[in-house]
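Quick note, our numbering runs 32 ahead of the 1-based positions in the sequence shown.
Inspection log for the structure reproduced underneath, given as structure tokens.
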Amino acid sequence: MLLRLIRFRFPQLAALAVAVFLVCVATAWPATTETFVPTTVQYPGSTSTVARGINNRGDIVGTYVCAAACINPVSGETSTAGTHGFLLKDEVFTRVDVPGGTATVARGISTQGVIVGHYNVGSITHGFAYFDGSYVYPIDVPAQLFDHPDSPLRDTLVVRISPHGDLVGCFHEDSQAMTTMHGWLLHKGTFTVLSTPHYTGDTSSRDPDTMNNGIAPNGKIVGFYLSSGVSYIADDEGIVTAFTFDGNLFTLAWDINSRGDIVGVHGDNQANTVGIPVNPSGFLRSRNGDYRSLAVLGAGSTQVFGINAKRDVVGQYSDSTGVHGFVYRPKPDKQDD
């Protein structure tokens with residue numbers, strides 16, 4: 033399994049293929065709100081924990097922050113102050129830290145147990161993969177696919193991995209601001225940058241602001257346009273459907289499962305501009321097109337980042353004691369299950 037990932041580091045890049053075509057915008061049906069008490073995920077001794085991905089076996093990955101050294105009472109592992117990745121498997125936490133890097137973020141985990149994410153070396157962010165004690169790093173989008181390939185500021189973030197080993201994420205350049213990012217797909221050793229057509233037949237436009245966040249076993253990709261606050265779906269034939277959560281300024285899709293259910297974050301902010309959400313809620317967009325808002329009972333905000341085939345969702349919530357990760361299984365759809 034790891035040998036396949038190693039091949040990704042040295043791909044023979046073919047001509048850039050067209051990833052997706054923007055064809056329509058899907059309007060949202062009126063949504064309900066599901067308020068729930070989740071199972072909290074908290075790394076021992078951490079000041080904050082975020083659950084970012086979950087596979088079909090229920091293994092969870094994410095990040096935690098230590099204000100000072102954190103000691104895992106079960107494994108005895110000591111984490112230095114700062115941000116670290118984690119794997120929660122069979123109720124046991126394992127630290128995930130790329131050797132020689134800082135601020136490791138574990139974002140996705142495949143059914144086979146391969147973990148992906150990103151880490152920093154100095155001011156530059158690189159992608160990585162991890163499986164059974166071994167790391168593959170760095171995973172970087174080739175310079176020639178950036179708008180400014182000569183810039184020394186080129187960040188690659190790996191966000192999710194499919195059961196087939198396909199990776200999705202985004203890259204940032206120049207100022208490294210969110211507005212410079214582009215979504216990408218790594219399939220069979222070839223990187224493809226997300227296309228954002230301006231007209232029928234347009235295959236060359238690559239507007240910034242896109243972030244590919246989730247990929248299903250059938251190749252469907254979900255993500256969002258940051259500046260417009262609109263989410264999209266890209267299927268294996270290259271078509272993208274944009275969608276929004278009804279009545280909200282922004283809709284940020286973070287993951288999709290094998291059923292076609294999509295989860296993410298929705299809401300507004302005080303400045304009434306797209307960008308950083310204020311007191312957001314999570315959402316679940318079922319494969320039948322129904323929407324529901326997801327909110328942890330008593331929390332100031334709820335964000336949902338991952339979903340598996342069993343419809344277990346993971347994310348974070350904030351309350352008076354801080355930021356906590358969670359896992360929860362939403363109620364079945366009335367018309368679907």
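In this text, a Cβ means the ideal position worked out from N, Cα and C, and glycines have one as well.
For clarity, every value in this text was computed on a predicted model and none was experimentally measured.
Quiz item: So, helix, strand or coil for GLN335, using DSSP?
Solution: Locating residue 335 in the sequence shown gives position 303, where the first residue counts as 1. Secondary structure of GLN335 (DSSP, three-state): strand.
Quiz item: By DSSP, does THR222 sit in helix, in strand, or in coil?
Solution: For the purposes of this step, residue 222 is taken as the residue at position 190 of the sequence shown. In this structure, DSSP gives THR222 an extended state, which the three-state scheme calls strand.
Exercise. Would you mind working out which of PRO70, ASP287, GLN208 sits nearest ASP187, comparing C-alpha positions?
Key: Your numbering for residue 187 matches position 155 in the sequence shown. Of all alpha-carbon atoms in PRO70, ASP287, GLN208, the one lying nearest the alpha-carbon of ASP187 is that of GLN208.
Quiz item: Since PHE337 and GLY85 are thought to touch, with beta carbons under 8 Å apart, how far apart are those beta carbons, to the nearest angstrom?
Solution: Start at 1 with the first residue of the sequence shown, and residue 337 comes out as number 305. Start at 1 with the first residue of the sequence shown, and residue 85 comes out as number 53. The pair is a contact, with the Cβ atoms about 7 Å apart (cut-off 8 Å).
Self-check item: Where the beta strand (DSSP E) through PHE160 begins and ends
Solution: Numbered from its first residue, the sequence shown carries residue 160 at position 128. Boundaries of the beta strand (DSSP E) harbouring PHE160: 156–163, taken from the DSSP string.
Quiz item: Quick one, which of THR65, THR212, GLY90, SER325 has its alpha-carbon nearest LYS342's?
Solution: As a first step, residue 342 is located in the sequence shown; it is residue number 310 there, counting from the start. Closest by alpha carbon: GLY90.
Practice problem: Could you tell me if ASN245 is buried or exposed, where buried requires 16 or more neighbouring beta carbons within 10 angstroms of its beta carbon? | Solution: Taking the first residue of the sequence shown as 1, we reach residue 245 at position 213. Taking every protein chain shown into account, the CB of ASN245 has 16 or more other CB atoms within 10 angstroms, so this residue is buried.
Exercise. Check the DSSP bridge columns for ASN244 and list the partner residues they point to.
Key: Residue mapping note: residue 244 aligns to position 212 of the sequence shown, counting from 1. Its beta-bridge partners are GLY255.
Exercise. Kindly indicate which three-state DSSP category GLN348 falls into: helix, strand or coil?
Key: Sequence index remark: in the sequence shown, residue 348 carries index 316 (1-based). The three-state reading of DSSP puts GLN348 in strand, counting E and B together.
Practice problem: Using DSSP bridges, identify the partner residues of ASP187. | Solution: Translated into the one-based positions of the sequence shown, residue 187 becomes position 155. Under the DSSP definition of a beta bridge, ASP187 partners with HIS204.
Quiz prompt | Distance between ASP322 and VAL73 (C-alpha atoms, nearest Å) | solution = The count along the sequence shown starts at 1 and reaches residue 73 at position 41. The count along the sequence shown starts at 1 and reaches residue 322 at position 290. Approximately 28 Å, taken between the alpha carbons.
Quiz item: If we ignore side chains and look at the alpha-carbon of each, how far apart do TRP286 and SER325 end up?
Solution: Here residue 286 refers to the residue found at position 254 when the sequence shown is read from its first residue. Here residue 325 refers to the residue found at position 293 when the sequence shown is read from its first residue. Distance between the alpha carbons of TRP286 and SER325 is about 14 Å.
Practice problem: Leaving aside the five residues before and after THR79 along the sequence, list all residues of the same chain whose C-beta is less than 6 Å from its C-beta, in chain order. | Solution: As a working mapping, residue 79 is identified with position 47 in the sequence shown. Result list for THR79: VAL97, ALA99, in chain order.
Quiz item: From PHE125 to TYR75, what does the alpha carbon distance come to, in whole angstroms?
Solution: Translated into positions along the sequence shown, residue 125 becomes position 93. Translated into positions along the sequence shown, residue 75 becomes position 43. About 7 Å.
Quiz prompt | Helix, strand or coil at PHE358 [DSSP, three-state] | solution = By one-based count along the sequence shown, residue 358 stands at place 326. Three-state DSSP puts PHE358 in a strand.
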